[in-house]
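The next block holds one structure in the form of structure tokens; read it before the comments.
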Amino acid sequence: MREYLTKVEMHISPVKLACPEAQYRKYFSSTEWKHIQLLQDDKMRRERLYGRIWFKNYLLSHGLCIPPSKVVLDERLGSKQCQDNYLLSLAHAGGWCFCVVAHKGASSADVNGVGCDIEETSRLGQEIRWIKNCADNISKEDYHKLWVIKEACYKAIPNNVELKLSDIVVNSVKSTATYKQCELKYELFPFGQFICAFALCRQLQSSIGL
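Next up, the structure:
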């Protein structure tokens, strides 16, 4: 698989909102705001708010001249796209937010998805039933890594609504993964008590539209 010539920027930050939540209403469409306000867990709601506010401010600061409320992040899909040259993904855990922006240039036109994940190692361990192609004797550390990798890859794959994590095949030696006609390249790294990963997806032309 070819290397992906794509510029990727990462942002990891503790969730911090300087104002009462209502003052951030201008950043969101009515649908987004309604979805966020339905979240009963205060920490989860603030994590979602902060991540999306950072994204919207980032895009504005890079000269796209898009009103914040018009930068809509689809809750159903992991990878978001703004205009033709930005792919976006975000994740949050333990009061921290992990955002990734991939810049698509002429040399990386075949990259059509980006995904990221961040997880606290102390909270992982309950989801092993979702990863059915790992060995029964997999170590706890390797399991944590595999879970985060698959979550990032899942978000990077377009049209992932019916996709299962067990369908994604990971090659940890080459830092690659595959799913049907999708090829992925990922990076994994520790961050304090967290494990983080981001992935780029290249979807072959024959699979688009299936």
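In our numbering, the protein residues as written are 9 to 218.
From the three backbone atoms N, C-alpha and C, an ideal C-beta is built for every residue, glycine too.
### Message
From the DSSP secondary-structure annotation, give me the bridge partner or partners of V15.
### Response
Working through the sequence shown from its first residue, we reach residue 15 at position 7. Going by the sequence as given, residue 15 is Lys instead of Val. Paired residue(s): H111.
### Task
Just confirm the distance between the C-beta atoms of G103 and C161, as a whole number of angstroms; I'd bet it's less than 8 Å.
Counting from one through the sequence shown, the residue named residue 103 turns up at place 95. Counting from one through the sequence shown, the residue named residue 161 turns up at place 153. About 25 Å separates the two Cβ atoms, so there is no contact after all.
### 8 Å Cβ shell around V177 - same chain, five flanking residues per side excluded
One-based indexing of the sequence shown puts residue 177 at position 169. N141, A185, T186 and Y187, listed in sequence order.
### Query
Among the residues of its own chain, which have a CB less than 6 Å from the CB of C209, if the five just before and after it don't count?
Position 201 of the sequence shown holds residue 209. The answer, listed in chain order, is G121, A164, I165, C190 and L192.
### Query
Does the beta-carbon of E149 have 16 or more other beta-carbons within 10 angstroms, so that it is buried, or is it exposed?
Start at 1 with the first residue of the sequence shown, and residue 149 comes out as number 141. With fewer than 16 Cβ atoms within 10 Å of its Cβ, E149 is classed as exposed.
### Whole-angstrom distance between A207 and L171, CA atom to CA atom
For the purposes of this step, residue 171 is taken as the residue at position 163 of the sequence shown. For the purposes of this step, residue 207 is taken as the residue at position 199 of the sequence shown. Cα to Cα, L171 sits roughly 16 Å from A207.
### Query
Are the beta-carbon atoms of C27 and G59 separated by less than 8 Å?
What you label residue 27 is simply residue 19 of the sequence shown in a count that begins at 1. What you label residue 59 is simply residue 51 of the sequence shown in a count that begins at 1. It is not a contact, given that the beta carbons lie outside the stated cut-off.
### Query
Do I126 and A110 have their C-beta atoms within less than 8 Å of each other?
The residue you call residue 126 lines up with position 118 of the sequence shown. The residue you call residue 110 lines up with position 102 of the sequence shown. No; because the gap between Cβ atoms is not below 8 Å, this pair is not in contact.
### Task
Counting only the same chain and skipping the five closest in sequence on each side, list residues whose C-beta sits under 7 Å from that of P22.
For the purposes of this step, residue 22 is taken as residue 14 along the sequence shown, with counting starting at 1. G103 and W104, listed in sequence order.
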